[in-house]
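The block underneath contains the structure these notes are about, expressed in structure tokens.
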Amino acid sequence: MRNSINRPPTPVAEEDQDHQPTLQEIINIKLIESGEKERLKELLRERLIECGWRDEMKSLCRAFARKKGRNNVTVDDLVQVITPKGRASVPDSVKAELLQRIQTFLASASI
Amino acid sequence: MSTGNPSYTNPKPCKHLADYKLRHGLTGYRSLQKLFKTTPNGRTSVEKPNTTMPRCNSCNGFQGRLYFCLICSTVSCSDHTLLHNQSENGHDVAVDMERAELYCCVCCDQVYDPDFDKAVMSKHIMGIPRDKNGDESIGERLVKRRRLGSGVVEEELVDLSKSKQLVSMRDRRAKSCYPLGLRGLTNLGSTCFMNSVLQALLHAPPFRNYFLSDGHNRETCRKRSVDRLCLPCDIDAIFSAVFSGDRAPYSPAQFLYSWWQYSANLANYEQQDAHEFFISVLDGIHEKESKLSNRNRDNGDCLCIAHKVFSGQLRSDVTCMTCGFTSTTDEPCVDISLDLDTNNFSPKNIANKPIKSNENSSISTLLGCLDLFTRQEKLGSDQKLHCRNCQEMRDSVKQMSIKRLPLVLCLHIKRFEHSPVRRMSRKIDRHLHFPFSLDMTPYLSSSIVRNRFGNRIFAFEGDESDISTEFEIFAVVTHSGTLESGHYVTYLRLSDQWYKCDDAWITEVDEGLVRASQCYVMFYVQKMLYHKANEDLSCLPISPRRDTFLPIAGCC
């Protein structure tokens, strides 16, 4: 049975409308709306490039692709394999800087 | 964004993408264009119009990667893309919302389609705001394209009104693989001072873009002004010649002649000072351009290209040592002249007690010079100034800081010491260490003034300035020799590769050589403009916009 091309998505079940937003969601929304999330991401990108983290991840990905064979690797595989290593190797200074930025933002956004 | 990998080939689409293309062609991409949002950095993302935070249709999650179905616009998180695909037959292809990249839900992998990228890129270009001074007619732009040199291979005449058309021009005549715009300048008789500065100007991104996009049209200028002397016209001619693709050394004779006429006192074959020449050229451009049109912003800022690119503002604070009252004046500047932080100098606080320095003060650094420039300077007792508060002449302390940074920062090191007392001049050969990346934050008025008050938190006018403080070096004018007899050489940094421009000879050099050189005038440009300029170098598209060359990913 064919589906029409621009059929609107099936509406989400009604019960979710009463759902209370978690603190995490509130913070996320505030970050996005103020544009701060974008800025933080840019800052993080810069720092991670500067300290060589990105290049390290790149070589890890290359090694993985070489081992598994170039045509047998999907993005999902890479993400699954690299994510734990990536998270573990973020320098503390970068973490600290971003935490501080976020704290400052939260203070100013009076959350 | 990639700058064009020569071995780039279009990857074969997976059968699901191929299927999708067969059935829907480009309609899905086109309707998605309305949802593309591009940041100034060039990142494109997909944004649904009414929601700030997209959520997965199945689990309501908002974290991690979210995928937007090309057929029904359903959003799924990475855990539930397969679920969506299984429940809806044929909904295989989605778009990673954060990155605006294609994803095949069945293959669980990223897929690539040049048509999709084209759809993203054409939206990208339309997203960049138009310059308000868009009085350039399409006809003039066409003329400029032709004038860029017969060495450039042109494609069929493109209708420029269709802004989505991008023509990539590659200089096929170039014998070497040097980037476009590198051309030696012959020495016309001790004119290395001129050649060295010209090389830097030729590669100052906003200055270069202005001239290469026909910012100063010679024909229009000739018709408009009776005065035949026009430095901008001659500079435009140099730009055309240097960027034509011809690699044979070029003689800027016409320009030299014009400049002689402009600054008659320097019209001789004697050696001149490169910095003095630089200031004189900017002056000449300003004079001509401000005559042509009443280019002034509402707040009185001059909009001639020389000032637009190089002009910044310095702030001078003079504090009375008795009552603490500070009087502030702003002065415009096109460059900053710095004294060398020599060994004799030791950091002192106001009370003139030396502070113990734990740094190795035997090396002079650019940051040291900038620190020196922005240090609180106790004015001598013979330089008492009138304090408005005390109503008397008082001992004062002066502090300089940078109120507004220019697009291109020109830093001049005062190596030539003229002592009127001893009636002699000498050159300071001391080596100066300078960084390739420079963050000017600590020298801004906001930082300096805050520090003065012990780092208190308070709002500062100019805090919301949209000019960034990070700069990248792109040209160094170096001097070797003595005051009377010396030689200027410019090192240019293009796409992170250094080139030595020694009059007619251009060679690739190692950055170590540049660091070891004796810098005299350094040119830094805002980081974003530097990176944009690098992307332009290998692939010069014709932009429908007047001012800037636009980076295009993967167009080669």
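Here the protein sequences line up with chains A and B, keeping their order. The letter at position 58 of the first sequence is residue 58 when you use our numbering, and the numbering goes up by one with no holes. Every number in our numbering is 111 more than the matching position in the second sequence, counting from 1. The C-beta atom is built at its ideal place from N, Cα and C for all residues, glycine as well.
- Counting along the chain, GLY139 (chain B) sits inside the alpha helix (DSSP H) bounded by residues 138-143.
- Residue contact with chain A for ASP190 (chain B): absent (no Cβ-Cβ distance below 8 Å to any residue of chain A).
- Excluding five sequence positions before and after PRO91 (chain A), the CB atoms of its chain that fall closer than 6 Å to its own CB belong to CYS51, given in chain order.
- Pairing LEU451 (chain B) with CYS480 (chain B) gives a Cβ-Cβ distance under 8 Å.
- Annotated three-state conformation of PRO443 (chain B) is strand, per DSSP.
- DSSP places LEU291 (chain B) outside both helix and strand once states are collapsed to three, so it counts as coil.
- Classified as exposed, VAL532 (chain B) has fewer than 16 neighbouring CB atoms from the shown chains inside 10 Å of its CB.
- Taking the Cα of GLU488 (chain B) as reference, the smallest distance to any Cα among B:CYS431, B:MET504, B:CYS344 is reached at B:CYS431.
- Against chain B, the CB of ILE49 (chain A) has no partner CB under 8 Å away; the residue lies outside that interface.
- The criterion of a C-beta distance shorter than 8 Å is satisfied by ARG176 (chain B) and GLU209 (chain B).
- The region 174-191 of chain B and the region 51-66 of chain A do not touch, with fewer than 3 CB-CB distances between them shorter than 8 Å.
- When secondary structure is reduced to three states using DSSP, ALA311 (chain B) falls in the helix class.
- A Cβ-Cβ separation of about 17 Å leaves THR593 (chain B) out of contact with SER307 (chain B) under the 8 Å criterion.
- Straight across, the Cα-Cα distance linking LEU323 (chain B) with ASP441 (chain B) is about 33 Å.
- One finds THR74 in chain A with Cβ atoms closer than 7 Å to the Cβ of CYS218 (chain B), taken in chain order.
- Apart from the 5 residues on each side of it in sequence, ALA586 (chain B) sits with its Cβ closer than 8 Å to the Cβ of GLN310, ALA311, HIS314, ALA315, THR601, TYR602, LEU603, ARG604, MET633, PHE634 in its chain, given in chain order.
- Exposure of HIS542 (chain B) is indicated by the presence of fewer than 16 other C-beta atoms within 10 angstroms of its C-beta.
- Secondary structure of GLY597 (chain B) (DSSP, three-state): strand.
- Taking all protein chains in view, the Cβ of TRP616 (chain B) is surrounded by fewer than 16 other Cβ atoms within 10 Å, so the residue is classified as exposed.
- Inclusion of ALA205 (chain B) and TYR178 (chain B) in the CB contact set at 8 Å is warranted, their separation being smaller than that value.
- At a cut-off of 8 Å, the C-beta of ASN71 (chain A) has no neighbouring C-beta in chain B.
- Per DSSP, reduced to three states, the secondary structure at ILE346 (chain B) is helical.
- Spanning the alpha carbons of HIS127 (chain B) and CYS215 (chain B) requires a straight line of approximately 7 Å.
- For GLU97 (chain A), no CB of chain B lies under 8 Å from its own CB, so it is not counted at the interface with that chain.
- Measuring C-alpha to C-alpha distances from PHE173 (chain B) to each of A:LEU43, A:ALA109, A:THR22 identifies A:THR22 as the nearest.
- Distance from the Cα of GLU595 (chain B) is smallest, within the candidate group B:GLN382, B:SER507, B:HIS327, B:ILE474, for B:GLN382.
- Residues of chain B whose Cβ lies closer than 9 Å to the Cβ of ILE32 (chain A) are, in chain order, THR163, MET164.
- For GLY592 (chain B), the pairing in a beta bridge is given by DSSP as B:GLY597.
- Under DSSP, GLY423 (chain B) forms a beta bridge with B:CYS444.
- Going by DSSP, CYS480 (chain B) is part of no beta strand (DSSP E) but of the alpha helix (DSSP H) stretching over 477-484.
- When secondary structure is reduced to three states using DSSP, TYR223 (chain B) falls in the coil class, being assigned neither helix nor strand.
- In terms of Cβ geometry, HIS544 (chain B) and LEU477 (chain B) form a close pair [threshold 8 Å].
- The region 516-526 of chain B makes contact with the region 635-642 of chain B; the number of CB pairs closer than 8 Å reaches 3 or more.
- DSSP places THR185 (chain B) in the coil class of the three-state scheme, outside both helix and strand.
- Within a 10 Å sphere around the beta-carbon of THR485 (chain B) sit 16 or more other beta-carbons, which makes this residue buried.
- Taking each of B:GLN221, B:LEU194, B:PRO343, B:VAL429 in turn and checking the Cα distance to VAL560 (chain B), the smallest one comes out for B:VAL429.
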